[in-house]
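Visitor: First residue of the sequence shown? That's 4 in our numbering, and the numbers climb one at a time after it.
Even for Gly, the Cβ is constructed at its ideal location relative to N, Cα and C.
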Amino acid sequence: MGNLPIKHLNATTAKYFASPDYTLELSRDQFLFRQGDPATDLYLIKTGQVLITKTTADGRELSLRFLGPGDLIGEVLVIDSTIQYLVDAKVIEDVTLLVFRQDALKQTLKTDAEALLDLLNYTQLMYRKDQTKFRDLVLHGKKGALYSTLIRLSNSYGKQTTEGIIITKNFTNQALANFCATSRESVNRLLNDLKKQHIISYHDQHIIIHDLNYLKEAINCDQCPIVLCTIN
């Protein structure tokens, strides 16, 4: 693994991920796993990007997180061997993954209470991040889901300029729609409304947010910690 840091884990816990069982390479549009697959492995991204999504009961795709180098993927601290993945993991940029067998990892970690607590905190953090997205969708509907997505994008990829906060990563309207579990047409209308109000604009296909407070006030943003309010 070299000096690759692991996001949200301390150095003591990270040492357990220094020697993977094997390395896996996947190409864009391949799935690492699908909902319902057995959660037998834990993955650490070395290079590339993976999109975590969940399919709703009515068949819509809800994007949850963009993950990149240093991110763990999978069910952490699996106790029951029958546990299944609850989400899909799709490669969106050719990826190299370090793979750790859950059974072997459990045996290694079982005598280190500090590392187990760190991983438990990590699991809780990921759960809270996903729950905030579900909350925004349920409480505020499509508009609130889009507004909260724009806020998360500003925290994840935003760069302050004289014109406003420019989102340095390009997102298609379909990608934004997937973060809101709605149609591209609905997102198009909402974005056009924001442009007419000069809340946002576009430059070279990058979103520029001119009035972040407007978005926050519209959804009664409760100023949750930045670590919870990101897209990754």
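1) Given that a residue counts as buried once 16 or more other Cβ atoms are within 10 Å of its Cβ, and exposed if not, what is L197?
2) For V94, which of N124, I76, L231 has the nearest alpha-carbon?
3) Kindly indicate the opening and closing residues of the beta strand (DSSP E) around A92.
4) Should the region 219 to 226 be called in touch with the region 134 to 154, which here means at least 3 C-beta pairs below 8 Å?
5) If we require 3 or more residues per run, which beta strand (DSSP E) segments fall completely within the region 31 to 60?
6) Can you grab the Cα-Cα spacing for the pair V141 / N195, in whole Å?
7) List the endpoints of the continuous alpha helix (DSSP H) containing E188.
8) Among the candidates D44, E166, S189, G144, whose CA atom is the shortest distance from the CA of L83?
9) What separation, rounded to the nearest whole angstrom, lies between the Cα atoms of L119 and L12?
10) Could you tell me the distance, in whole angstroms, from the CA atom of D121 to the CA atom of T16?
11) Measuring alpha carbon to alpha carbon, tell me which residue in Q163, L7, S30 is nearest D214.
12) Figure out for me which residue from T233, F174, Y19 has the closest Cα to the Cα of I210.
Guide: Taking the definition as stated:
1) buried
2) I76
3) 91 to 104
4) yes
5) 34 to 36, 44 to 58
6) 23 Å
7) 187 to 199
8) The displayed chain sequence assigns Asp, not Leu, to residue 83. The shortest C-alpha separation from D83 is found at D44.
9) 11 Å
10) 7 Å
11) Q163
12) F174
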